[in-house]
Amino acid sequence: MKRSYLKNEIDDCLHGGLSSANNKYVKVDFSSNVNPLGASKNVLKVIKEKLDNLVSIYPDPKQDTICKKISDYFDNKINPENISVGNGATELIHNFMSIQKNSNVVIPIPSFCEYELACSRNNSKITYVPLNSDFQIDSDEIVKKARKSQLVFLCNPNNPTGLLSTKAIEDILNRIKESTIVFLDECFIELVSNYGKSNIVPDLIKSGNRNSMTKYINDFNNLIILRSLTKAHGLAGLRFGYMISNEKIAKTMKRNQISWNINGLAQMGALIALDDILHIKKALNIIIREKKTLHDGINKGMKSMTAFNSDSNFFLIKLQNLSSTFIKNYLLEKFGILIRDCNTFRGLNKEYIRVSVRTSNENSMLLKALHKVDKIDNK
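Residue numbers (my numbering): 4 to 382.
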């Protein structure tokens, strides 16, 4: 079956997480690609200690302190004036499109559905550019389509494929006209683990790692970079994201955001999390070690599914003679395991699922359950 590119105009955006299923059945969530260790213990400790004040006192509406902390996170190579913050990265996507209404936009597919939803809600026309057969960005086609566009959305590493397209993105930045904005989602960049056979986590976490485009933020005035504390820092429930751009765009974003859009719990959690680099390093050590085990366990032990290579902390899996909806429901009902049904991604279909890399025990649970599914298909 060919990948599907023609779906109805989007009016909603489906995600992973417990809300995507009857969570009374869920024992392990492989549908959300977050830090397998969850939130930092330091974050939880400080929030508990300061809970009374965080709940009863207004948060900082200007968010100057947290913007300075983000600047520190990048060793002060990013100025606070170039940073805007949001109630999760998704709010920033939608807020940005609200000031970019009626645009012509290029979006590679499959990718994160909120780009499309934000465009649709702000009367923007979308041109879809399918990834190539290896799920990589087609930079030539992106540049071609962008000639008549004001904005290009890119995701590195891409969701749901997990693949980096660093060279292609550099190529696009160098060839695209300066008036066309490149909105680059790097929400998974800190969990990239494409370091060959080495089990050593490099000391490049702060800048995201060698594949981050933050090093070019002062070279390309049309570059916007989106980050989140959901994935690497494990703060999905607190909702905190930030955007790095030129100062003019950052000022416009701040003027258009509602007052107190970041609550006190999220602001405090972000301040502590951005100081706890060790927490991310511990998670990366788990991901590097477990990723190969999970990938090989699927590809060498099963006939009905194939896990694609991934640079991030999750895998896209191609199914044979099985439906993504069947597998999702079967794993949930029989084993309490929640995975991501990728049929809702434009550019994919019911032959694809996505799973995150978690702890050794949890990954073993998933492999045992997938073996049961594989036996059903191969009876």
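Even glycine gets a Cβ: it sits at the ideal position worked out from N, Cα and C.
Cβ-based neighbour list, residue 62, same chain, cut-off 7 Å, excluding 5 preceding and 5 following: 263, 265, 266, 267, 270
Whose CA, out of 345, 178, 334, lies closest to the CA of residue 371? 334
Considering residue 122, what are the terminal residues of the alpha helix (DSSP H) in which it resides? 116-124
Decide if residue 260 is buried, meaning its Cβ has at least 16 other Cβ atoms within 10 Å, or exposed. buried
Could you spell out the range, first to last residue, of the alpha helix (DSSP H) harbouring residue 93? 92-101
Please report the distance separating the alpha-carbon of residue 81 from that of residue 218. 9 Å
Under the assumption that residue 340 contacts residue 31 (Cβ atoms under 8 Å), give the Cβ distance between them as a whole number of angstroms. 5 Å
According to DSSP, which residues form a beta bridge with residue 111? 132
Kindly say whether residue 31, judged by its beta-carbon, lies nearer than 8 Å to any beta-carbon of chain C. Protein chains in the displayed structure number just one, and chain C is not present.
My guess is that residue 85 and residue 247 are in contact by the Cβ rule of under 8 Å, so how many angstroms apart are they, rounded? 6 Å
Ignoring anything shorter than 3 residues or poking outside the segment 142-209, list the beta strand (DSSP E) runs there in chain order. 154-158, 184-188
Going by DSSP, what residue range makes up the beta strand (DSSP E) through residue 217? No beta strand (DSSP E) holds residue 217; DSSP gives it neither H nor E.
Segments assigned alpha helix (DSSP H), at least 4 residues, entirely inside the segment 326-358: 327-338
Rounded to a whole number of angstroms, what is the C-alpha to C-alpha distance between residue 258 and residue 66? 13 Å
Considering only DSSP beta bridges, list what residue 310 is partnered with. 320
I'd like to check one pair, residue 187 with residue 229: are the Cβ atoms closer than 8 Å? yes
Does the distance from the C-beta atom of residue 314 to that of residue 195 stay below 8 Å? yes
May I ask you to report which of helix, strand or coil DSSP gives residue 405? Lying before the first or after the last residue shown, residue 405 is absent from the chain, which here runs from 4 to 382.
Our contact map puts residue 166 next to residue 138 with C-beta atoms below 8 Å; I'd like the distance itself, whole angstroms only. 6 Å
Check residue 76 in the structure and name its three-state DSSP category. helix
What distance in whole Å lies between the Cβ atoms of residue 114 and residue 161, which are believed to be in contact at a cut-off of 8 Å? 6 Å
Between the alpha carbons of residue 393 and residue 231, how many angstroms are there, rounded? There is no way to answer for residue 393, as the model of the chain reaches only from 4 to 382.
Distance between residue 141 and residue 1 (C-alpha atoms, nearest Å): No information on residue 1 is available, as it lies outside the stretch 4 to 382 that the chain covers here.
Who are the near neighbours of residue 174 in its chain, counting only those whose CB is closer than 7 Å to its CB and skipping five residues on each side? 142
Close-in-space but distant-in-sequence residues of the same chain around residue 382 (CB under 6 Å, 5 per side omitted): Here residue 382 scores only 49 on pLDDT, less than 50, and its place in the model is too uncertain to base an answer on.
Which one of 109, 147, 355 has the shortest CA to CA distance from residue 319? 355
Beta-bridge pairing of residue 87 - partner residues as DSSP gives them: 246
When you compare the segment 45-65 with the segment 287-304, are there three or more beta-carbon pairs, one atom per stretch, that lie closer than 8 Å? no
What residues are listed by DSSP as bridge partners for residue 231? 244
List the endpoints of the continuous alpha helix (DSSP H) containing residue 294. 280-302
How long is the line joining the alpha carbons of residue 122 and residue 329, rounded to whole angstroms? 31 Å
Assuming residue 317 contacts residue 363 under a Cβ cut-off of 8 Å, what Cβ separation, rounded to an integer in Å, is found between them? That belief does not hold up - the Cβ atoms of residue 317 and residue 363 are roughly 16 Å apart, past 8 Å.
Does DSSP classify residue 360 as helix, strand or coil? coil
CB residue 109 to CB residue 171, shorter than 8 Å? no
For residue 95, the nearest candidate out of 243, 378, 152, 349 (CA to CA): 243
When you compare only the Cα positions, how much space is there between residue 70 and residue 53? 21 Å
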